[in-house]
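Data first, discussion second: the structure below is written as C-alpha cells.
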Ligand SMILES: [Mg+2]
Ligand SMILES: [Zn+2]
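Residue numbers (the numbering used here): 1 to 222.
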C-alpha cells in the first residue's frame, strides 16, 4: 500500500507557493495564475513565470520556509500507517520549502518528490526533475508517473490524499482518494469516489476502520 501525500493545503495547512508569491512576488503573479486557471498556459509555464517574479534574499526565504505551518495530526497518522504502508510526499510545489518545513516540524524522513528550487541572485528559479511530457494535467510533477514508479513491481493499492488541481490527474487512477477543498468539487464533477477530509486526524480515523474492511471495500463505500 502506498500513500501519496500532497503538500500545499494538505500536509501544510496553507498553500506555500501562493503565500510565497503573495509576500515576495510582483502582484502581477495573480494575472499569470488567472491565465493558468483559464487554461491559456500550462501549470509548468505558470509556475516558472511566477517563481521568477519572487524578489527576496535567501535568508528571508529560509525564514519563511521554516515558518510553514504543518498539520500536526500528520505525525500520529504517519506513525500508524508506516507500519503497513509506504508514505511519500508528492507535490507540485518546491522541494526545498518542503524539506525545510518538514525538518522544522520534526516530521519523519519520507521520500519527497517535488519541483526543484534554485536560489539565484535576489530571487529563486525552478526546474522540474519529475516532469512527464505525457502528463494530462501539464503539471511540473506528474503525480501519476511518480505513483506508478513508486508502486512499480510491488503493486498494491495507491491512496491519494490531496486538495487541489495538481491532484486531479492521480485522482482518476488512485484506488482510494481522500479529498478536501477544490479536489472534492473536481471528484464530484468527474464522478470519482472520494472520502472528504479536513485534517490527517480524519484520514487516520478512516484508515483505522480499514483494519476490518480492506481499502478496496472503502472505495465502494465512499
Ligand atoms: Mg495542494
Ligand atoms: Zn500527470
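The beta-carbon is built from N, C-alpha and C at its ideal position, and this holds for glycine as well.
Bear in mind that the values here come from a model prediction, so they are computed numbers and not experimental data.
Check	Outcome
Any chain C beta carbon closer than 9 Å to residue 31	Reference to chain C is not applicable here, since this structure consists of a single protein chain.
Expected contact under 8 Å - CB spacing of residue 127 and residue 115 to nearest Å	7 Å
Cβ pair residue 157, residue 179 closer than 9 Å	no
heavy atom of ligand 1 below 8 Å from residue 65 C-beta	no
Proximity winner among 91, 17, 21, 60, relative to residue 3 (alpha-carbon distances)	91
Presumed contact (8 Å Cβ cut-off) between residue 78 and residue 111, rounded CB distance	Not confirmed; about 13 Å, so no contact.
Three-way DSSP call (helix, strand, coil) for residue 136 in this model	coil
Residue 143 Cβ short of 8 Å to ligand 2 heavy atom set	yes
Residue 170 Cβ short of 8 Å to ligand 2 heavy atom set	yes
Proximity test, residue 164 beta-carbon vs ligand 1 heavy atom, cut-off 8 Å	yes
Length of the line joining the Cα atoms of residue 164 and residue 42	15 Å
Identity of the residue in 169, 65, 36 nearest residue 20 by Cα	65
Where the alpha helix (DSSP H) through residue 84 begins and ends	Note, residue 84: premise wrong, no alpha helix (DSSP H); not H, not E.
Burial state of residue 82 (16 or more Cβ within 10 Å)	exposed
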